[in-house]
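Residue numbers (my numbering): 984 to 1076. C-beta: ideal position from N, C-alpha, C; glycine also.
What follows is the structure, given as structure tokens:
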């Protein structure tokens, strides 16, 4: 099945989800080093926070230093979940 991203999603979001699916968990710093899109650590951290607001990834601690993919994130990668139907990210969260 084809993936169905939400309007707010970027190619970086897909790479983050794919890496977390393969590795189990990672830090924004390690993700930034491994994705091939030239994203800074700050940009990856920002995208991880947005992805966590939508339920596609989850922080492993309150410090937001480590993230893991959720069941919804895995279903999205498999083409079984339309990301536009997830709650959207918000600057107020």
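Cβ distance (whole Å) where residue i is taken to contact residue j below 8 angstroms
{"i": "residue 999", "j": "residue 1030", "result": "6 angstroms"}
{"i": "residue 1050", "j": "residue 1009", "result": "7 angstroms"}
Burial state of residue i (16 or more Cβ within 10 Å)
{"i": "residue 1124", "result": "Any question about residue 1124 goes unanswered here, given that the chain covers just 984 to 1076."}
{"i": "residue 992", "result": "buried"}
{"i": "residue 1046", "result": "exposed"}
{"i": "residue 1011", "result": "buried"}
{"i": "residue 1020", "result": "exposed"}
Cutoff 7 angstroms; reference residue i; Cβ partners in own chain excluding five residues on either side
{"i": "residue 1001", "result": "1060"}
Residues bridged to residue i (per DSSP)
{"i": "residue 1042", "result": "1050"}
{"i": "residue 1065", "result": "987"}
{"i": "residue 1009", "result": "1050"}
Min CB distance residue i to chain B below 7 angstroms
{"i": "residue 1067", "result": "Among the chains of the structure shown, chain B does not appear; only one protein chain is present."}
6 angstroms Cβ shell around residue i - same chain, five flanking residues per side excluded
{"i": "residue 1054", "result": "none"}
{"i": "residue 988", "result": "1066"}
{"i": "residue 1062", "result": "984, 985 and 986"}
Proximity test, residue i beta-carbon vs the ligand FMN heavy atom, cut-off 6 angstroms
{"i": "residue 1011", "result": "The ligand FMN is not part of this structure, which contains no ligands at all."}
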